[in-house]
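Residue numbers (UniProt numbering): 1 to 757.
Beta carbons: idealized from backbone N, C-alpha and C, even for Gly.
Being a predicted model, the structure only gives us computed values, none of them experimental.
Please read the structure below before turning to the comments.
This is the structure in structure tokens:
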């Protein structure tokens, strides 16, 4: 049962077989024959049931223990232990290590064996996850036998930190920190902490652990990744334990130096461990302002460190990305007494880190972490008496981050920033609702709601779901967030019983689970969210942002998203045919989005043209297109031409052909202008463009030939020429044919531009 060698593939099967053999012994032998081995067998089975890596081995050990208890009853506390470590409870590994084992260790017959098993086998296990669990389990078991752990186990673990085996060294460092932390929480009968039992030699070795590893160069290479993680975790545990190293400034400098190195490391988990450790070191060892620390006071030392950390937030070197990521989160995690004296410096530095510059264009992760840092500071400092005077700048920075759409080869990495920004904004709004409702002003909350609403109808499922949950969390926040536009109407669109507020309050970043209530909105599915959010088009406060988001979704490549978006939008627009002013306002908003985003390739590069094609062909705005006084169609044509003047891209050109073909249904000047542009494409330099233009024009004339302004007696001939001509021929051959089509449609022939001499 103790065999667990990664190099021997049969170890798992051997342990499983051993458990089945123990089960068979209970059936094959009588009690007196097994009595001499009962305690040994019971301890072996319990250790396997609690600490084995494999679920089948844990359950096999539990079953064997049950069989022995049921047949012979010789195992100590058999029924009680069996009730705790039954077949099902030992299944989840974390539950077995951290819940079942501590309960069983309360029985003296099992406690020492379980601790020894962890120290001898699991702390040095080949699997990283098992080593981490073993250290946490030791923390839980220490209070059962504190003296034994402090005098026998801890020296053994300290000795293992010197091993040349990476696995042993890593597990031992984790275990040392967890054990010392646990001992600091246990009181002896005389009232002293159990950590007083730690010998001076052990304490000295633990204090010098980081410097010894650095001297041996064990923070380098692949093994250094594990060593850095383990040491940061150990430092955090020692700080929580208030280890008596306050006057050892060289040790503290070693710790801070290691943490700072880890904050700039490329490996995420190392940065995370360092971020956890740094505030604990400040809290425990750098708190007393007037205590001398080297040549300065601790207050001055904190000022030096904060200045250095904030300086790293402006780093634009090759290693600038991980530096900014690590130090943004680290600064945001610092305790209140550290931030208080340097709040302006910290906030200005983090706000600067959220800005997009030419050098940092692709560092979206750093901007995300800066947003998280700002959010953490607001939570730590509070609003009143804390960040109140900087709140406006913080909110402006977060709102600017909602416009972060950095796109690289791997996709829209700006979504990370937008999601973090939404989480930060909802956190601040909720905080203000509790502490200072007047700060949820009419100039701020509507912008927050509109920005979140736009994200709730854009194209990335994860971002859309996150925004949907935040939007409804703001609607139903308690206490109420004031100045939400159309608050009562929003409650009718998103009824309380149909949005899972419980999930939002527990964790904004986790996906909601499927609820038993079938009416609950599933935010990941556009079929659930789009029909609700398109109703916000009725309200002027939200209309612009909803239209902007819908354009991105309707113009996307994902078929299901386009389907649900367009179905929801066009169904809503069809209900407005009797309310022409509102339909006109919607069309005006579409034009305004077009104007505001001219030459913004993310929007007008393709999505807007696809959206216009779908909108014009849907019939949902037919009252506007049929109105001779409406300028919507002419504006579409005008701004389409303006967009195409700058850097025509192939796919953008093809999408524009579709829009032009839809515009010929309007008739009059718009139709003439659209046809004039389409015939230009019939002699375009690219063969495929010519062929597509001819095919689309043929289809458009089939649909709208009776309203497009082409003479009816020439229509069949025009369509015949379009269908019969090979549009991939040389342009010099095609130009006379194109001119004939122009004459038949009674529009001007295109004139070839003369090149400047």
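Problem - Under 8 Å between C-beta atoms of residue 771 and residue 485 - result: Residue numbering for the chain in the displayed model covers 1 to 757; residue 771 lies beyond these limits and cannot be assessed.
Handout entry: Endpoints, the alpha helix (DSSP H) within which residue 489 is located
Key = The residue you call residue 489 lines up with position 489 of the chain shown. Where residue 489 is concerned, the enclosing alpha helix (DSSP H) stretches over 487–493.
Handout entry: Inter-residue Cα distance where the pair is residue 506 and residue 473
Key = Translated into positions along the chain shown, residue 506 becomes position 506. Translated into positions along the chain shown, residue 473 becomes position 473. Its pLDDT being 41, under 50, residue 506 is placed unreliably by the model, and the measurement read from it follows with that caveat. Cα-Cα distance, rounded: 11 Å.
Handout entry: Validate contact between the stretch 321–338 and the stretch 350–364 using beta carbons, cut 8 Å, 3 pairs
Key = yes
Exercise for the section: Work out the CA separation of residue 225 and residue 267 for me, nearest whole Å. Expected result: Walking along the chain shown from the start, residue 267 turns up at place 267. Walking along the chain shown from the start, residue 225 turns up at place 225. Cα to Cα, the separation comes out at about 8 Å.
Handout entry: Cα-Cα separation, residue 707 to residue 626
Key = One-based indexing of the chain shown puts residue 707 at position 707. One-based indexing of the chain shown puts residue 626 at position 626. Computed Cα separation, rounded: 11 Å.
Problem - Counted within 10 angstroms of its Cβ, other Cβ atoms place residue 340 as buried (16 or more) or exposed - result: Mapped onto the chain shown, residue 340 falls at position 340. Burial call: exposed.
Practice task
Answer yes or no: does any C-beta atom of chain B fall closer than 8 Å to that of residue 122?
Solution key: Looking for chain B here will not work: only one protein chain is present.
Exercise for the section: Might you give, ordered along the chain, the residues of its own chain that have their beta carbon closer than 8 Å to the beta carbon of residue 94, omitting 5 neighbours on each side? Expected result: Against the chain shown, residue 94 aligns to sequence position 94. Closer than 8 Å at the Cβ level, and outside the excluded window around residue 94, lie 133.
Problem - Inter-residue Cα distance where the pair is residue 202 and residue 277 - result: For the purposes of this step, residue 202 is taken as residue 202 along the chain shown, with counting starting at 1. For the purposes of this step, residue 277 is taken as residue 277 along the chain shown, with counting starting at 1. If you take the alpha carbons of residue 202 and residue 277, they lie about 22 Å apart.
Practice task
Output the distance between the C-alpha atoms of residue 426 and residue 482, rounded to the nearest integer angstrom.
Solution key: For the purposes of this step, residue 426 is taken as the residue at position 426 of the chain shown. For the purposes of this step, residue 482 is taken as the residue at position 482 of the chain shown. Near 13 Å, if we compare the C-alpha coordinates of residue 482 and residue 426.
Handout entry: Alpha carbon of residue 735 to alpha carbon of residue 717, nearest angstrom
Key = On the chain shown, position 735 is the one that residue 735 refers to. On the chain shown, position 717 is the one that residue 717 refers to. Between residue 735 and residue 717, the C-alpha separation is close to 17 Å.
Handout entry: residue 360 - DSSP class collapsed to helix/strand/coil
Key = As a working note, residue 360 is residue 360 in the chain shown. Three-state result, residue 360: coil.
Practice task
With a cut-off of 8 Å on the beta carbons, I'd call residue 98 and residue 62 a contact; round off their distance for me.
Solution key: Here residue 98 is taken as the residue at index 98 of the chain shown, counted from 1. Here residue 62 is taken as the residue at index 62 of the chain shown, counted from 1. Not quite, the Cβ-Cβ distance comes to about 17 Å (not below 8 Å), so this is no contact.
Practice task
Measuring alpha carbon to alpha carbon, tell me which of 450, 401, 462 ends up nearest residue 490.
Solution key: Counting from one through the chain shown, the residue named residue 490 turns up at place 490. Comparing Cα positions, the closest option is 450.
Exercise for the section: Please state whether DSSP places residue 149 in a helix, a strand or coil. Expected result: Along the chain shown, one-based indexing puts residue 149 at 149. Three-state result, residue 149: helix.
Practice task
Consult DSSP for residue 393 and reduce its assignment to one of helix, strand or coil.
Solution key: For the purposes of this step, residue 393 is taken as the residue at position 393 of the chain shown. Helix.
Practice task
Classify residue 759 as buried or exposed, calling it buried when 16 or more other Cβ atoms lie within 10 Å of its own Cβ.
Solution key: Outside the displayed range of the chain (1 to 757) lies residue 759, so it cannot be described from this structure.
Practice task
Please determine, among 176, 641, 579, 665, the residue with the shortest C-alpha to C-alpha distance to residue 655.
Solution key: Here residue 655 corresponds to residue number 655 of the chain shown, with the count starting at 1. Among 176, 641, 579, 665, the Cα nearest to that of residue 655 belongs to 641.
Practice task
Under 6 Å Cβ to Cβ from residue 714, same chain only, skipping five residues before and after it: list those, please.
Solution key: Counted from its first residue, the chain shown places residue 714 at position 714. Correct list, in chain order: 744.
Practice task
Rounded to whole angstroms, what's the CA-CA distance from residue 523 to residue 466? Just pull it up for me.
Solution key: As a first step, residue 523 must be located in the chain shown, where it is residue number 523. As a first step, residue 466 must be located in the chain shown, where it is residue number 466. Going by the C-alpha atoms only, they are around 8 Å apart.
Problem - Distance between residue 732 and residue 545 (C-alpha atoms, nearest Å) - result: Counting from 1 along the chain shown, the entry for residue 545 is found at position 545. Counting from 1 along the chain shown, the entry for residue 732 is found at position 732. If you take the alpha carbons of residue 545 and residue 732, they lie about 47 Å apart.
Exercise for the section: Report back the beta-carbon spacing between residue 424 and residue 374 to the nearest angstrom; my notes put them in contact at under 8 Å. Expected result: Locating residue 424 in the chain shown gives position 424, where the first residue counts as 1. Locating residue 374 in the chain shown gives position 374, where the first residue counts as 1. About 6 Å separates the beta carbons of residue 424 and residue 374, which is inside the 8 Å limit, making them a contact pair.
Problem - Element boundaries [alpha helix (DSSP H), containing residue 574] - result: In the chain shown, counting from the first residue as 1, residue 574 sits at position 574. Its alpha helix (DSSP H) spans residues 559–574.
Problem - Contact check, residue 144 vs residue 106, beta carbons under 8 Å - result: As a position in the chain shown, residue 144 is number 144, starting the count at 1. As a position in the chain shown, residue 106 is number 106, starting the count at 1. In this structure, residue 106 lies closer than 8 Å to residue 144 by Cβ.
Exercise for the section: Determine which residues share a DSSP beta bridge with residue 193 and list them. Expected result: As a first step, residue 193 is located in the chain shown; it is residue number 193 there, counting from the start. In DSSP, residue 193 forms a bridge with 187.
Handout entry: First through last residue of the alpha helix (DSSP H) which encompasses residue 460
Key = Working through the chain shown from its first residue, we reach residue 460 at position 460. Judged by DSSP secondary structure, residue 460 falls outside any alpha helix (DSSP H); it is assigned neither H nor E.
Practice task
State the CB to CB distance for the pair residue 611 and residue 551, rounded to an integer number of angstroms; the pair is presumed to be in contact (CB under 8 Å).
Solution key: Position 611 of the chain shown, counting from 1, holds the residue named residue 611. Position 551 of the chain shown, counting from 1, holds the residue named residue 551. That pair is a contact at about 5 Å.
Practice task
Give the straight-line distance between the Cα atoms of residue 503 and residue 520, rounded to the nearest whole angstrom.
Solution key: By one-based count along the chain shown, residue 503 stands at place 503. By one-based count along the chain shown, residue 520 stands at place 520. Residue confidence is low: residue 503 scores 42 on pLDDT, short of 50, so the model does not pin down where it sits. Its coordinate-derived value is still stated next. Approximately 11 Å between the Cα atoms of the pair.
Handout entry: 8 Å CB neighbourhood of residue 758 in its chain, flanking five on each side removed
Key = Here the chain has residues from 1 to 757 only, and residue 758 is not among them.
Practice task
Thinking residue 418 and residue 402 are a contact (beta carbons under 8 Å), I'd like their distance in whole angstroms, please.
Solution key: Looking up residue 418 in the chain shown gives position 418. Looking up residue 402 in the chain shown gives position 402. Going by Cβ atoms, the distance from residue 418 to residue 402 rounds to 6 Å, so yes, they are a contact pair.
Practice task
Evaluate the contact criterion for the stretch 143–160 versus the stretch 26–44: three or more CB pairs, one atom per stretch, below 8 Å.
Solution key: Taking a cut-off of 8 Å on C-beta distances, the stretch 143–160 does not touch the stretch 26–44, as fewer than three cross pairs fall below it.
Practice task
Confirm, please, whether the CB-CB distance from residue 64 to residue 123 is below 8 Å.
Solution key: Position 123 of the chain shown, counting from 1, holds the residue named residue 123. Position 64 of the chain shown, counting from 1, holds the residue named residue 64. No, the Cβ-Cβ distance between residue 123 and residue 64 is not below 8 Å.
Practice task
Would you list the one or two residues that DSSP bridges to residue 86?
Solution key: For the purposes of this step, residue 86 is identified with residue 86 of the chain shown, where counting begins at 1. According to DSSP, residue 86 bridges with nothing at all.
Handout entry: Bridge partner(s) assigned by DSSP for residue 293
Key = One-based indexing of the chain shown puts residue 293 at position 293. DSSP output for residue 293 lists 296 as bridge partner(s).
Handout entry: Selected residue, minimal CA-CA separation from residue 53, among 12, 88, 574, 100
Key = Indexing the chain shown from 1 puts residue 53 at position 53. Taking residue 53 as reference, the option from 12, 88, 574, 100 with the minimal CA-CA separation is 12.
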